[in-house]
Each structure stands twice: as structure tokens, then as C-alpha cells.
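In our numbering, the protein residues as written are -6 to 394.
Reading through the C-alpha cells given below for one structure.
Below, the structure written as C-alpha cells:
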């Protein structure tokens, strides 16, 4: 019974909207300062820079080069802070109906552009479902998002991270509705949260918009059907993505995390100064006035996004280039496509745990998958049709492991 209750709570946590869990607007400044001071543990409680670099160099570089073939436009010089004491707030559009590979790869790209230095890199504020629900951790790896620098998107955590001067902040202001908007609305920005607007005004820091193009094709042609969503709402799910990939998931558990080979393109936009869009201090702004500013920011980002899609969204896959790259790197073929990703992630995790927190170097040959399956049996259930879900569900029910 305890495990069943735990699983139910985890399922409910999957769908909390960012910033929903903690409301701190009504407390005094002194109380807020005290809460922030106690909350500063979030900076380092899980974050492991060695792990982050190791996972980038062993896995994410691999996915970038051979599968997603990313482009970064306008990132030649990362933006400097207008307010040196506060982090910039990066904001991007969501990719609907897909596992957040686009957000992961964006963060990876900025870390690499910044040569793995903390300052001017980004740390993501992400929906609590990513870190608090076992199934939303890639291949059920405990605390992966937080170990790689992610922080749960609560109001208190946002306030706390605004005091943190070692890196900038990345958010997705559409929140969960942006994930569930369906392929037919793939580049239609959904209603923006006002939390990042409030922070930008309060701390007079700039918003750096990033247009993410082609990420909607990570899980293409999946839709949010209203009557089905109403049914699954009864068990705490806001939507169920209806598409071809849904049919594959019961048969092949690895497919839950799969993404199609979208050529991810990230374009940096013009700075937005939300604090210049109002003449009131943030304490005097009503929720409606904050929403008006959020709508103005959304309109600016929508205009830029529309322009970027016209320019960079014409060939989202490039299958010919993908297969040529795969054939030229034949020894890596078992790991390039999504069915090989459990091998990459779980073998890296095994080696990293074995090294006791030291960076590792994975060696992959064509037949290395046999060795990985033997040495890392956690990978095996991902390849067992239907029955493979049984041990995976038991693992989801456990708090660790």
C-alpha cells in the first residue's frame, strides 16, 4: 500500500505547473530574506559540475553530432548582464508533446559555448515533474536533472536563484500548457507565467529570448484531444499525447524517452527590458498588470519566433544527412538512434558511480552493446516488449534505485 501511495503521489507531481507549489508574494521582505537564506542549499545540494561535464562529453556531444545536429545562431558572444549583481533570465518556447530533449541540448550548447565555465552559463528552472517523478528522469536515473544543475521551478527557488551570481537562469514561460499544446499549435506560444516578469522587473535584469526551431518535430504529429484530456484529467494527467509514438511505448519501453532526429536550431533574440514596460515598482503591480507585461513580452517573442521559423524551419529532419553520418560512423551505429540511448545513459551512470564521482571516458565499439547489457543489467528491461514494463514499474515505485 505504501508503494502504491508513493506512485500515486509521484504521478500527481508530474503535472504541477511551475511556481504552483510555493506562493511567497504575501509575506514581508524580512520573512522572504529568511526563507531565501535557508533555501540557498539548492545551489549545491545536488549539482555536480563534474557529472554535468562528464555526461555532456560522453552522451550529449554524441547526440549533438550524430543525431540532433544542432545549430546555435547569434551565440558568438554570450550576452553580458545589464545588472552585474543579478543573473540574466533566458526564456524559450516549448516543444509540444515531447520529452524535453530540446531544453537539455540547449543547456548543453550554452555550457560548451562558455567553455564549461560557470559564469554566463545557465541553470534551468524546470517543472517539478522532471525531478520529482521517477519516470521523468531519463531512463530512471535518480536525480539526473538536479545533478546536472536543474532546480525545481517554485517561487521561492526562483527568488533564491536570483541571488545567485555564478550563472544565469533558463526558463520556459509557457509551462505545462506549452508541452501539451499539440502539433497543430506547435509554434503558437501559450499564455506566459508572470513569475519571470515579476523577477525581471524586481531585479531590473534583462530577458534574453531564444527561439527554438524544429524541436516540435522531436515528437511530430501528436495531438491533444480535448475529450481524451478530460478523461485522463480524472487521474491527474493534464493530457495524453495522441500520435504514432504512443503505440510504440507499450511494445518497447525505451520509446517513452525517444525523440525523432529533429535538427535543433536555437536563435538568440533581442534583449527585452520588462522593467521599462511599467512605471510602477513591482510591489504595486496587480496580477492583471503583471499579465499585461507578460503579454507584451509574449508578443515580442512570438513575432521573433514566427520570423525564425520561416527562415530555419523548412527542413526539420534532414534524413539524408542523418543516414550518411550514421554510415560514416558505423561502429557507433547501435547508439546513434533512440533504441541505443538507454545503453549510453545507463552505462555512463554505472561507470560514474564506479569512479566515485570522477569524470569517465566511455569507449564504444559496434559490439560494446553486448558488454553493456551484461555489465549493466538495468538496460535490459528497456528492450523487452510489454513485460519489460514490469521491472521498470517496480523501479518507479522505489524511492531509490
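Ideal Cβ positions, reconstructed from N, Cα and C, are used throughout, including at glycine.
Cβ neighbours of residue i in the same chain (closer than 8 Å, five flanking residues each side left out)
i           : result
residue 102 : 57, 63, 65, 68, 259
residue 273 : 282
residue 177 : 216
residue 26  : none
Residues sharing a beta bridge with residue i, DSSP
i           : result
residue 163 : 83, 117
residue 65  : 259
residue 144 : 118
residue 202 : 84
residue 235 : 216
Neighbourhood of residue i by C-beta distance below 7 Å, restricted to the same chain and skipping five residues each side
i           : result
residue 242 : 248, 249
residue -4  : Note on residue -4: pLDDT 45, under 50, position unreliable in the model; no value is reported.
residue 210 : 253, 255, 309, 310
residue 92  : 250, 252
residue 265 : 199, 200, 202, 290, 293
residue 179 : 89, 209
8 Å contact criterion, which residue i and residue j should meet: CB distance rounded
i           : j           : result
residue 132 : residue 338 : 5 Å
residue 170 : residue 184 : 7 Å
residue 163 : residue 118 : 7 Å
residue 114 : residue 200 : With 8 Å as the limit, residue 114 and residue 200 do not qualify as a contact, their Cβ atoms being about 17 Å apart.
residue 59  : residue 318 : 6 Å
residue 36  : residue 157 : 6 Å
residue 148 : residue 188 : 6 Å
residue 98  : residue 257 : 6 Å
Nearest residue (CA-CA) to residue i, options the options
i           : options            : result
residue 151 : 43, 195, 44, 382   : 195
residue 112 : 154, 161, 390      : 161
residue 104 : 207, 142, 204      : 142
residue 329 : 28, 359, 214       : 359
residue 399 : 279, 335, 263      : Within the shown structure, residues of the chain are numbered from -6 to 394, placing residue 399 beyond reach of any answer.
residue 385 : 27, 341, 127       : 127
residue 78  : 375, 159, 275, 138 : 159
residue 306 : 207, 275, 313, 280 : 207
residue 331 : 313, 291, 245, 148 : 245
residue 341 : 180, 325, 365      : 365
residue 137 : 34, 355, 41        : 41
residue 368 : 336, 315, 379      : 336
residue 333 : 376, 321, 314      : 376
residue 239 : 213, 94, 124, 219  : 213
residue 168 : 304, 52, 85        : 85
residue 291 : 125, 39, 87        : 87
residue 38  : 192, 46, 193, 139  : 139
residue 165 : 125, 175, 116      : 116
residue 81  : 193, 388, 278      : 193
residue 172 : 95, 237, 321       : 95
Cβ-based neighbour list, residue i, same chain, cut-off 6 Å, excluding 5 preceding and 5 following
i           : result
residue 270 : 286, 289
residue 423 : With the chain covering -6 to 394 only, the question about residue 423 has no answer from this structure.
residue 324 : 358, 359
**Message:** I'd like the ranges of any beta strand (DSSP E) spanning at least 3 consecutive residues and lying wholly in the segment 253 to 279.
**Reply:** 258 to 261
**Length at least 4, wholly inside the segment 283 to 337: the alpha helix (DSSP H) runs in chain order** = 312 to 321, 326 to 329
**Whole alpha helix (DSSP H) elements within the segment 19 to 75, 4-residue minimum** = 22 to 32, 42 to 48
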